[in-house]
Amino acid sequence: MRVNTDIKLDEFKEQICKEWKQFTPLGICFFFREGGKDFPLDCDYSLQALISITNSKKKDSVDIFLQNVIHVGSSSSSRADSSISNGSSTSSSRNNRSVAMYLEDKSKPAKPLLSDGWPKIPGEIGHVFVEGVKQVRIAFTKYRLRTGFNIVVTHNERSRFTGKCAEERCGWKFHAASIDERNEMFQVRSYNPEHICGVGGRNMNQKYSTSFTSSLIEEEVRKNPHKKPKKIAVDFQTNYGITMEYYQAYNGREKVYKTIYGDDVKSYSHLVWYIDAIKETNPGSMIKFEFDPAKKQFQRIFIAFDACIKGYRF
Numbered sequence: 001m002r003v004n005t006d007i008k009l010d011e012f013k014e015q016i017c018k019e020w021k022q023f024t025p026l027g028i029c030f031f032f033r034e035g036g037k038d039f040p041l042d043c044d045y046s047l048q049a050l051i052s053i054t055n056s057k058k059k060d061s062v063d064i065f066l067q068n069v070i071h072v073g074s075s076s077s078s079r080a081d082s083s084i085s086n087g088s089s090t091s092s093s094r095n096n097r098s099v100a101m102y103l104e105d106k107s108k109p110a111k112p113l114l115s116d117g118w119p120k121i122p123g124e125i126g127h128v129f130v131e132g133v134k135q136v137r138i139a140f141t142k143y144r145l146r147t148g149f150n151i152v153v154t155h156n157e158r159s160r161f162t163g164k165c166a167e168e169r170c171g172w173k174f175h176a177a178s179i180d181e182r183n184e185m186f187q188v189r190s191y192n193p194e195h196i197c198g199v200g201g202r203n204m205n206q207k208y209s210t211s212f213t214s215s216l217i218e219e220e221v222r223k224n225p226h227k228k229p230k231k232i233a234v235d236f237q238t239n240y241g242i243t244m245e246y247y248q249a250y251n252g253r254e255k256v257y258k259t260i261y262g263d264d265v266k267s268y269s270h271l272v273w274y275i276d277a278i279k280e281t282n283p284g285s286m287i288k289f290e291f292d293p294a295k296k297q298f299q300r301i302f303i304a305f306d307a308c309i310k311g312y313r314f
């Protein structure tokens, strides 16, 4: 959730409730966790003080926790976790979800993140993914990163893909399967979009695969093949609001290289075919091909075409 540095508590509650309809301003409260202790954010001063402290530490985000407040009678209340109350007067165990709060300088216009445009659903029932399971995985990961819900993958195969909410009591589930014998196209077979486990929230430190990384940086790497992994990681966080480590940027770039240029190791195997083709089409050519038979590793190759040899003699 992106906020201004001078936001008031009531304004922040309204933003939360606008994003997640199951909550009301009077039915939620916030707290901040530090050193294993919980500190309530119950007034404008406490919220703005947290923002000031975060800014002083040169950080651009902080995790706060949201709880439902279950009102019992007219004079007392109890706290529950971030799921919707079932009407019980007792509070459940504290299994709270965090909401990442991103700080903005109000004097500067906020730059929208590219991830803000990602859909909040991975796909409606009947939707077809023409690029197969790879496209399903990318759409699923975008949904998970965009909404921040804790979702696990239960089936991730060539012919089917299934994900569900990690909370046992939550019924959110997504399932897509192949619709052709070659597994080239997938269709959403079932989808329950409702989360009853509580609120999600943007989390900068979520995990994602190298394939997902390469799908997002491929266009940039094609434009600038020599772009350093460190710069790729910085730009990725700026554009998507998601942390990327150096090794993730490096591995993602290498995967893009393979897409563009092919596999370096496999390309050496084509030399054998190339040598045979020269011998067949350019008889009299001199070829010296050396490799390490123990390591099966290329060392060097020398080629002198017959026409060049004869031309040099004159």
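Quick note: the sequence shown uses UniProt numbering, first residue 1, plus one each step. Where a beta carbon is used, it is the ideal one built from N, C-alpha and C, also for glycine.
Asked, Found
"Should TYR268 and PHE298 be called a contact, given that it needs their Cβ atoms to be closer than 8 Å?", "yes"
"Give the straight-line distance between the Cα atoms of ASP235 and ASP60, rounded to the nearest whole angstrom.", "15 Å"
"Thinking just about the alpha-carbon of each residue, which of LEU113, PHE31, ILE53, LYS21 is nearest to the one in ILE242?", "LEU113"
"Taking just the CA atoms, how far does GLY252 sit from PHE305?", "40 Å"
"Out of HIS195, VAL130, ALA176, which one is the CA nearest neighbour of THR147?", "HIS195"
"Where does CYS197 fall in DSSP's three states?", "coil"
"Indicate the three-state DSSP secondary structure (helix, strand or coil) for GLN187 in the structure shown.", "strand"
"On the three-state DSSP scale, how would you describe ARG182?", "coil"
"If you reduce the DSSP assignment to three classes, tell me which class VAL152 lands in.", "strand"
"Could you spell out where the alpha helix (DSSP H) holding ALA49 opens and where it closes?", "44–56"
"Using a 10 Å radius around the Cβ and a threshold of 16 neighbouring Cβ atoms, would you call ARG144 buried or exposed?", "buried"
"If contact is defined by three or more beta carbon pairs under 8 Å, each pair taking one atom from either stretch, is the segment 153–164 in contact with the segment 175–190?", "yes"
"Would a C-beta distance cut-off of 8 Å place THR141 and PHE212 closer than the cut-off?", "yes"
"So within the segment 261–309, which uninterrupted alpha helix (DSSP H) runs reach at least 4 residues, ignoring any that extend past its ends?", "264–267, 270–281"
"Look up ILE64 in the DSSP assignment and say whether it is helix, strand or coil.", "strand"
"DSSP puts GLY163 in a beta bridge; with which residues?", "VAL153, PHE174"
"Counting C-beta neighbours from all protein chains within 10 Å, is the total for ARG137 16 or more, i.e. buried, or is it exposed?", "buried"
"If you run the structure through DSSP and keep just helix, strand and coil, what is LEU216?", "helix"
"Using a Cβ-Cβ cut-off of 6 Å (strictly less than) and excluding sequence neighbours within five positions of PHE302, which residues of its own chain qualify?", "LYS288"
"Within the chosen definition, does the segment 116–125 reach the segment 184–195 through at least 3 CB pairs nearer than 8 Å?", "yes"
"Going by C-alpha distance, which of ASP264, LYS231, THR259 is nearest GLN248?", "LYS231"
"Tell me the DSSP bridge mates of GLN128?", "The amino acid occupying residue 128 in the given sequence is Val; Gln does not appear at that position. VAL128 is bridged to GLN187."
"Can you tell which of ILE217, ASN224, HIS226, LYS223 has the C-alpha that lies nearest to the C-alpha of THR238?", "ILE217"
"So, is LEU41 buried or exposed, given that buried needs 16 or more other C-beta atoms within 10 angstroms?", "buried"
"Thinking C-beta only, is ASN183 closer than 8 Å to GLY117?", "no"
"Taking only three categories from DSSP, how would you classify LYS134?", "helix"
"Closest to ILE151 by C-alpha separation, out of GLU168, PHE32, GLU157, would be which residue?", "GLU168"
"Does DSSP put ASP38 in a helix, in a strand, or in coil?", "strand"
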